[in-house]
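Here is the structure we will look at.
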Amino acid sequence: MNRRRFLTAATASAAAVCATGPSALARTSTASDGAPLRTWFEATYRSITAMTTEFGLTADKIDVSGPSTPIPSPQTSPTNIGCGLWSTVAAAGLGVISPSLMHDRLARTVAAVERLERAHGFWFNWYDAHDGSVLTTWPENGSTVRPFLSTVDNAWLVTGLRIAADADPTLRPRIARLLEAADWSYFYTPYDPADPVAGPGQLRGGYWPDKPGKGEPTGHHYGALNTEPRMASYLGIADGSLPAEHYWHLFRTLLPGMGQEQEPEGAYVTIDGVRVWEGHYTYRGRKLVPTWGGSMFEALMVPLFVPETEWSPRSWGTTHQRYVRSQIEHGLDEEKYGYWGFSPANIPAGGYREYGVDAIGMQEDGYHSLGVVTPHASFLALPQAADEALANLRALDRDFGAYDDRYGFRDSVDVVTGRVSDFVLALDQGMVAAALAQQLRPGLLQQPFRTGGFRSRVRPLLGKERFSI
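With this note's numbering as the guide, the letters of the sequence shown map in order to residues 105 to 573.
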């Protein structure tokens with residue numbers, strides 16, 4: 105799109121939103137209109153298959169700016185591999201591919217995962233997507249990569265493997281063997297009431313395993329509850345490798361008096377014998393539980409799989425709804441971009457960074473929107489604001505050409521300059537695929553997280569949750 109056309113379109117779109125409000129704009133589409141959703145899913149899944157190598161691993165990204173078939177990036181991560189697995193299951197569940205093709209693709213990826221080098225039962229953070237070797241040099245610039253075991257990235261691979269096992273019974277024994285050694289207590293620092301700083305009852309960010317014993321841990325723990333690492337917490341609680349009390353040692357906000365984005369309000373309560381600070385922030389008159397940085401996927405990637413809203417409607421369900429509303433109002437009313445949805449993504453001009461709404465994140469200098477809208481954020485918001493999300497996505501396509509008929513929505517759009525990313529990323533396309541599957545066929549990817557330890561151990565915790573909102 106040339107700059108003159110962009111400025112005209114963007115000005116008209118912003119004026120329409122300011123004049124009529126998002127609800128009027130949303131009347132051009134409805135949540136029940138499945139046709140564009142299915143078309144978008146098919147294009148998104150084509151990007152996943154384009155990113156998946158002959159070896160069977162879904163690479164980190166592809167450049168879709170040219171007319172030729174894109175080449176997958178050299179690198180992949182456990183998260184990317186998990187995205188490929190659940191996207192393939194979603195494609196079969198929606199009838200986009202046949203069950204036999206689903207089996208072939210899942211089996212190829214499982215065979216590749218079986219060949220990957222591991223440590224302490226977990227997978228390293230970066231592999232060569234084309235042969236499965238552990239990366240020690242970054243392909244794009246030659247810098248040294250120190251092999252690392254990431255808590256959150258391993259959680260997303262385990263999520264994908266559990267979904268694959270549920271969808272394809274013939275793969276269950278092989279996947280069960282892969283998961284036998286994945287003991288989440290490896291990342292866990294038990295709670296020490298005498299020294300809760302050193303012993304917080306939380307998960308480390310990860311370990312560099314090249315040191316004797318357990319390896320060298322990160323200097324931080326994942327302390328914030330409303331962030332994507334809670335998937336690892338749920339997985340560990342569900343399989344019994346983490347104590348249930350771990351959930352109550354996570355921060356709804358940091359404690360009063362700690363350095364954070366705003367001084368929280370709330371109260372201390374005792375739940376299951378644990379003293380919990382049930383704090384909240386207030387943004388534009390709306391009480392909610394913040395994330396760490398204020399981005400969309402921190403809050404809303406986990407409920408694609410774990411039915412938090414259903415199991416905790418007055419707590420998780422309420423804060424998810426208010427979080428989405430805050431993202432919408434930040435983009436439309438506070439910054440007046442005319443568009444909304446902010447989450448870590450490819451920088452339109454190249455690179456990667458976090459985007460978000462600073463005021464709804466705990467980090468004092470949190471993630472800022474900077475005029476960069478990320479389409480996957482709108483897909484994550486479908487359960488809370490389907491009409492607004494569809495209208496926002498259509499506007500991004502109409503005004504910027506953000507949708508690619510071959511491979512789905514580009515990763516990000518700078519709505520100030522009009523620059524659209526040349527890339528799609530496996531993580532973000534994986535979220536789009538899962539969100540569309542949930543909208544088109546509710547529960548399609550959730551079965552493994554509604555049964556077993558999730559039902560008997562995780563659901564009761566969410567049922568006891570009482571956010572002070």
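Glycine included, C-beta positions come from ideal geometry on N, C-alpha and C.
Residue i in three-state terms, based on DSSP
i           : result
residue 437 : helix
residue 428 : helix
residue 331 : coil
residue 511 : coil
residue 542 : helix
residue 367 : coil
residue 533 : helix
residue 296 : coil
residue 483 : helix
residue 380 : strand
residue 193 : helix
residue 518 : strand
residue 301 : coil
residue 451 : coil
residue 321 : strand
residue 142 : helix
residue 151 : helix
residue 240 : coil
Cutoff 6 angstroms; reference residue i; Cβ partners in own chain excluding five residues on either side
i           : result
residue 251 : 228, 238
residue 391 : 384, 573
residue 234 : 157, 159
residue 154 : 166, 174
residue 305 : 295, 350, 353
residue 416 : 566, 569
residue 260 : 183, 186
residue 562 : 338, 341, 342
Residues of its chain near residue i, where Cβ-Cβ distance is below 8 angstroms and the 5 sequence neighbours each way are ignored
i           : result
residue 203 : 196
residue 128 : Note that residue 128 has pLDDT 29, beneath the 50 cutoff, so the model's placement of it is unreliable and no number is given.
residue 265 : 186, 189, 214, 217, 279, 282, 283
residue 475 : 439, 441, 518, 519, 520, 521
residue 135 : The pLDDT assigned to residue 135 is 47, lower than 50, so where the model puts this residue is not dependable; a value taken from the coordinates is nonetheless given after this. Cβ neighbours of residue 135 beyond the five flanking positions: 486, 490, 491, 494, 543.
Cutoff 7 angstroms; reference residue i; Cβ partners in own chain excluding five residues on either side
i           : result
residue 307 : 255, 291, 292, 325, 326, 333, 336, 337
residue 396 : 328, 331, 402, 465, 466, 467
residue 382 : 356, 370, 371, 373, 570, 571, 572
residue 345 : 287, 288, 289
Buried/exposed call for residue i, threshold 16 Cβ in 10 Å
i           : result
residue 426 : buried
residue 440 : exposed
residue 242 : exposed
residue 560 : exposed
residue 470 : buried
residue 114 : Confidence is the limiting factor: at residue 114 the pLDDT is only 38, short of 50, which leaves the residue's position unreliable and the question unanswerable from this model.
residue 245 : exposed
residue 520 : exposed
residue 361 : exposed
residue 363 : exposed
residue 247 : exposed
residue 516 : buried
residue 172 : exposed
residue 272 : buried
residue 240 : exposed
residue 275 : buried
residue 205 : exposed
Whole-angstrom C-beta distance between residue j and residue i, which should lie under 8 angstroms
i           : j           : result
residue 214 : residue 268 : 7 angstroms
residue 190 : residue 534 : 7 angstroms
residue 139 : residue 509 : Their Cβ separation, rounded to whole angstroms, is 14 angstroms, which puts residue 139 and residue 509 out of contact at 8 angstroms.
residue 434 : residue 420 : With a Cβ gap of about 21 angstroms, residue 434 and residue 420 do not count as contacting.
residue 506 : residue 524 : 6 angstroms
residue 348 : residue 376 : 7 angstroms
residue 311 : residue 300 : The pair is not a contact, with the Cβ atoms about 21 angstroms apart (cut-off 8 angstroms).
residue 436 : residue 198 : Not confirmed; about 31 angstroms, so no contact.
Option in the options with minimal Cα separation from residue i
i           : options            : result
residue 161 : 343, 438, 178, 246 : 178
residue 174 : 526, 309, 476, 277 : 526
residue 209 : 187, 545, 394      : 187
residue 193 : 183, 139, 182, 270 : 270
residue 340 : 557, 564, 387      : 557
residue 542 : 284, 404, 349, 218 : 404
residue 388 : 429, 183, 351      : 429
residue 576 : 377, 446, 550      : In the structure displayed, the chain extends from 105 to 573; residue 576 sits before or after that span and is not available.
residue 379 : 364, 530, 352, 151 : 352
residue 411 : 167, 176, 550      : 550
residue 512 : 490, 532, 225      : 532
residue 169 : 565, 514, 537      : 514
residue 393 : 423, 408, 375      : 423
residue 313 : 224, 298, 342, 258 : 224
residue 286 : 222, 236, 316, 323 : 222
residue 489 : 432, 141, 220, 450 : 432
residue 407 : 500, 302, 554      : 554
Residue i CB to nearest heavy atom of the ligand PLP below 7 angstroms
i           : result
residue 145 : This structure lacks the ligand PLP, and indeed carries no ligand of any kind.
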